[in-house]
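Chains as they are written, first to last, in our numbering: chain A, 158 to 444; chain B, 835 to 1253.
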Amino acid sequence: MSVTEILLLGAVAYDPKVVTIWEGFKAYFARHDLPFDYILYSNYERQVEAHLAGHFHVAWNSPLAWVRTRRLAASRGHKVEAVAMRDTDCDLTSIVVVRNDSDIQSVGDLRGKRVAVGAVDSPQATLLPLSHLRAQGLVPDEDFEVIYNDLLGGKHGDHIGGEREAARSLMSGEADAACMIDGNYLLFVNEGTLPAGATRVLTQTAPYDHCNFTVSAEAPAQLVGRFRELLLGMSYDDPEVRPLLDLEGLKVWREGRVEGYAALERAADEAGFYDASGNISIDGYRY
Amino acid sequence: MTQAGTSASTAIDIKRLGLDSGAHLLLKRALAELPPGGRLCVRGSAPDLAVHLRGWCRAQGHEFIQSEAESISDEAEPEGRSPVVAWVVRGPVTGGRLSGAEAAGGTDPRESGAVVERPPARWGLAARGAVVEAGGPEFYFRLDSKTEVWAESVPRLYQQAAAAQWNPATAIDWDTPFELSLEVESAVVQVMTYLIENETAALLIPAKFLAQVHPHFREVMQLLAIQVADEARHIEVFTRRATLRRKETLGLSTVGGQQSLKTLFDEPDFTLASFLLSVLGEGTFLNLLWFLERHAPDPVTRQVARLAAQDESRHVAFGMGHLQYAISLDPGLRGRLASAAVQRHDALAQTAGLNEEVFDALILLAAGGWEPDAISSGFERVQNLKGEMAADRTSRLVKLGFEPGEAKTLSELHTQNFM
C-alpha cells in the first residue's frame, strides 16, 4: 500500500502507554473506514525532521515541535496547519511556586536565587516560565540561577518527571522556586510531593496552548479530512473510545488553533533554542 | 442562587476550602445540577484557588473563565461572602462512565433476575448488583452458567458455614489425658494418615473449581472458599492427632487409595465432580467420621471426627442442592451421573480398594483391644459401617430421583476406598 492510500501519523514514544493509545486509535479508525497507521519516534526533533522529509502525513506534535515544524516549513516556502487538539491542550498556564515560609514575595525577589525548571526543552516547565520572568525584568542565568531537571531530552517535557523533580528540589531546599503547569501543581499537592499549605504561587503566565495534530500541505486532504471528522466526532460518553480518551487525557477533541503558540515562539527565540529557520541553535541539547 | 439569563447558571461559595483540601466535591455536586453549557459562579478565598481551579477544570473538561476584578469591583461584597474567583462552564460530557453502563444483576439472590442465567464475561469481578461501566476488559470464567454451579440452598448454606467455623486450637481439648496401647495408637495414626490424604483431595478439588466460577455466583464462590478452609482445618487437626503421641513416620499411603482419589481429581466437569466427590465420596465419609466419633478409642479422636463430620455434612448438602437444581432443569443429567459412576468404577476395577492397613486399623479401633470377643465386635461394627454407607448412598441417590433399584446398583459401584 502506498503512503497516499493510508494516513500515516508520527508520534513520540514518551511513555509505554503511547503504544496502547495508537494501537487503540488504529483499531478505531479501521472500524470507521480510515486506513491508518503510525510511526513512533524516540524524540520530537527526529519526528519533525521525518515529517518535513515526507515520511508521514500527520504529526502529534508538542507545542515546541509545532514551532520548529512551522519554521522549517516556512523556510522552505511551505505552510503547515494544526487540524485538531485536545480540550486539555487549550489555555494552560505555568506557574512559579515558592515555599510558603520563603521571603520571596515578588518576582523581583528571585534575584540571586535558584529557580528549578524541567527539562531544557520543556515548554511548560522551562521555556515559558523563564520567558515570563524575563518579561518582568529578570534574565535567566544572569539574574538568577536556573537548575535544570533534564529528564528524557527530546521529549519536550511530555514526561512529567522533570517537573516533579523541580517540585522536590523546592521542598528539599536545593531550589528557592520551581516552575510547573497549573494542573500539575494541584497533582503534586494531592500526591504529597508538595505538602498541602507548604507552598504558594509567586507568578503565573498568560494562557498558552499545548499539543496539536500538525499536517503538511502535501498530506492527502481526503484522509486528513476523515481523520479530523472522526476525532471531532468522538464522545466521552461512548464506551468504545472513552478508554483511549482517558489514556490520552482529554474529554473532547477541538478544532486546531495556532494563536496560543505566540508566547512559545518568543520564548524559543529568547532561549536561542531554534533559529528562525527551525534549526536547533541551543548548545548542549541532547536527545 | 439562579440568575436570569439565556442559560442556566448558579453560584457556589466554597469559603476557604481549597482544591487541595476536597473542594472538588462541592464543585462536582454543584455542576451536576447544571446542563452542559450551564455556568457556575465560584466564590472562595482559599490561597491560589484560581490557579488550582483552572487546572481542575481543564482535566474535568469544563471551561474556566477567570473573573476580572472589574466585574465585581463596584458592588461591595455583603459581609461573610467570599469574592468571585471564576466562572466554570459545564463541559459537554453528560453521562460519562454511566453512559451505556449496565446493572450486573441484583444483590439479593431471592429477588427475581438477581442471579442471571449466564453473566457476561465483561461483568468481570464487579459485585453482583453493581453498575458496570461499558467497555471494560473481559474475564474468562469457564463456569459461567447458573445451571452449572447454582443451588437454591447456597445462600443459606453459606450463612451456616460462616457461622459454624471453629478454631482448631481451642475447639478440641488436646490435653485431655488418655492411655492407648502402642498398637491401638498406631491404628489411629494409620486412619489419620488416610483421612489427611482424602481431605487433601477434598480441599484441592473445590479449590480448582473456585477460580473458574463466575464471581456473579457470589454465594457459590464463597461457599467453595469456606469448603476449602474447612478442609484445611481438617488436615490440620488430623495431622495434630496423628502426631500427638509420636513424632515418627505416619501410616501408609497406598497406590490404590491414591488411584481412587486421582479419578476424582481429574474430573473436569463441576457437576460430575460434585456428584462423585460430595454426594458419593464425602457422603460416605460422613458415615466414617460419625463411626469414629462413636467408636474411636480416645476422646481427642472422637472430637476431631465430630467437628469434621459437621463440616462435611454441609459439603454434602451443597452437592445435593446443586444436583437437585441442575436435574430439575435437565433431567437427562441423571443418565450422565450414572455413567460417571460406572466409568469411575471401571477405572478402579483393577485396583485394590480400601487398603488393608486402614481396614484392619478400623477394626482394631472399634475393638479397642486384642481379646477375641473385642475383635469380633470391632469386625461387626466395621461391617455395619459399610452397610450404613451403602444404604445412605442409596438414599441420597433416590433423593436425586434415581429409581431405588438403579440407586442401589450405583451405590454398590462406589469405590471401596470410601471417598
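All C-beta atoms in this analysis are idealised placements derived from N, C-alpha and C, irrespective of residue type, glycine included. Remember, predicted model here, so these are calculated numbers, not experimental data.
Check                                                                                                                                                                                      : Outcome
Any idea if residue 439 of chain A is buried or exposed, counting beta-carbon neighbours within 10 angstroms, 16 or more meaning buried?                                                   : exposed
Pick out whichever of B:1196, B:1163 and B:1071 has its Cα sitting closest to the Cα of residue 1121 of chain B.                                                                           : B:1196
Taking 8 Å as the cut-off, decide whether the C-beta atoms of residue 480 of chain A and residue 220 of chain A are in contact.                                                            : The requested residue 480 of chain A is not part of the displayed model; chain A covers only 158 to 444.
In the DSSP output, which residue or residues are listed as bridge partners for residue 900 of chain B?                                                                                    : B:920
In the stretch 1131 to 1183 of chain B, which residue ranges form an unbroken alpha helix (DSSP H) of at least 4 residues, counting only runs that do not cross its ends?                  : 1133 to 1163 and 1167 to 1182
In this structure, what does DSSP give as the bridge partners for residue 164 of chain A?                                                                                                  : A:193
Could you have a look at residue 873 of chain B and say whether DSSP puts it in helix, strand or coil?                                                                                     : strand
Does residue 993 of chain B pass the burial test, meaning 16 or more other C-beta atoms within 10 Å, or should it be called exposed?                                                       : exposed
Against residue 926 of chain B, what residues of chain A qualify as contacts under a CB-to-CB distance less than 7 Å, listed in chain order?                                               : 409
Just the chain A side, please: which residues come within less than 9 Å of residue 853 of chain B by C-beta, in chain order?                                                               : 343, 346 and 347
Grouping DSSP H, G and I as helix and E and B as strand, with all else coil, what is residue 1006 of chain B?                                                                              : coil
Rounded to the nearest angstrom, how far is the Cβ of residue 205 of chain A from that of residue 231 of chain A, given a contact under 8 Å?                                               : Going by Cβ atoms, the distance from residue 205 of chain A to residue 231 of chain A rounds to 13 Å, so no, they are not a contact pair.
Rounded to whole angstroms, what is the Cα-Cα separation between residue 1202 of chain B and residue 1017 of chain B?                                                                      : 10 Å
Is the closest heavy atom of the ligand GDP to the C-beta of residue 196 of chain A under 7 Å?                                                                                             : The ligand GDP is absent from the structure shown, which contains no ligand whatsoever.
Check the Cβ of residue 885 of chain B against every Cβ in chain A and list those closer than 7 Å, keeping chain order.                                                                    : 252, 339, 342, 358 and 361
Could you please give the first and the last residue of the uninterrupted beta strand (DSSP E) stretch that includes residue 410 of chain A?                                               : 410 to 412
Near residue 908 of chain B, what residues of its chain come up, given a Cβ to Cβ distance below 7 Å and the 5 sequence neighbours on each side ignored?                                   : Reliability of the predicted coordinates at residue 908 of chain B is poor, the pLDDT of 47 falling under 50, and the value obtained from them is presented with this limitation in mind. None.
Kindly indicate which three-state DSSP category residue 368 of chain A falls into: helix, strand or coil?                                                                                  : coil
Excluding the five sequence neighbours on either side, which residues of its own chain have a C-beta within less than 8 Å of the C-beta of residue 1022 of chain B, listed in chain order? : 1014, 1075, 1076, 1130, 1131, 1132, 1135, 1195 and 1199
Do three or more CB pairs link the stretch 961 to 970 of chain B to the stretch 392 to 400 of chain A at distances below 8 Å?                                                              : yes
Threshold first: 4 residues or longer. Then list the alpha helix (DSSP H) segments lying entirely within the stretch 188 to 254 of chain A, N to C.                                        : 201 to 209 and 220 to 232
Please look up how many angstroms separate the CB atoms of residue 256 of chain A and residue 356 of chain A, rounded, as I've assumed it's under 8 Å.                                     : 6 Å
Taking one C-beta from the stretch 417 to 433 of chain A and one from the stretch 844 to 857 of chain B each time, how about it: are there three or more such pairs within less than 8 Å?  : no
Tell me whether residue 1024 of chain B is buried or exposed, calling it buried when 16 or more other Cβ atoms sit within 10 Å of its Cβ.                                                  : buried
Could you spell out the range, first to last residue, of the alpha helix (DSSP H) harbouring residue 1194 of chain B?                                                                      : 1190 to 1201
Can you tell which of B:868, B:1109 and B:944 has the C-alpha that lies nearest to the C-alpha of residue 1053 of chain B?                                                                 : B:944
Quick check on the DSSP output: the alpha helix (DSSP H) that includes residue 359 of chain A runs from which residue to which?                                                            : Here residue 359 of chain A belongs to no alpha helix (DSSP H); instead the beta strand (DSSP E) covers 356 to 361.
Does the distance from the C-beta atom of residue 983 of chain B to that of residue 936 of chain B stay below 8 Å?                                                                         : no
Can you tell me whether residue 303 of chain A is helix, strand or coil according to DSSP?                                                                                                 : strand
Buried or exposed for residue 905 of chain B, please, with buried defined as at least 16 other CB atoms from any protein chain shown within 10 angstroms of its CB.                        : Because the pLDDT at residue 905 of chain B is just 47, under 50, the model does not fix this residue reliably, and the value given afterwards should be weighed accordingly. Label assigned to residue 905 of chain B: exposed.
Start and end of the beta strand (DSSP E) containing residue 985 of chain B?                                                                                                               : Note, residue 985 of chain B: premise wrong, no beta strand (DSSP E); not H, not E.
Starting from residue 272 of chain A and walking both ways along the beta strand (DSSP E), at which residues does that stretch end?                                                        : 271 to 273
Can residue 411 of chain A and residue 216 of chain A be called in contact, C-beta distance under 8 Å?                                                                                     : no
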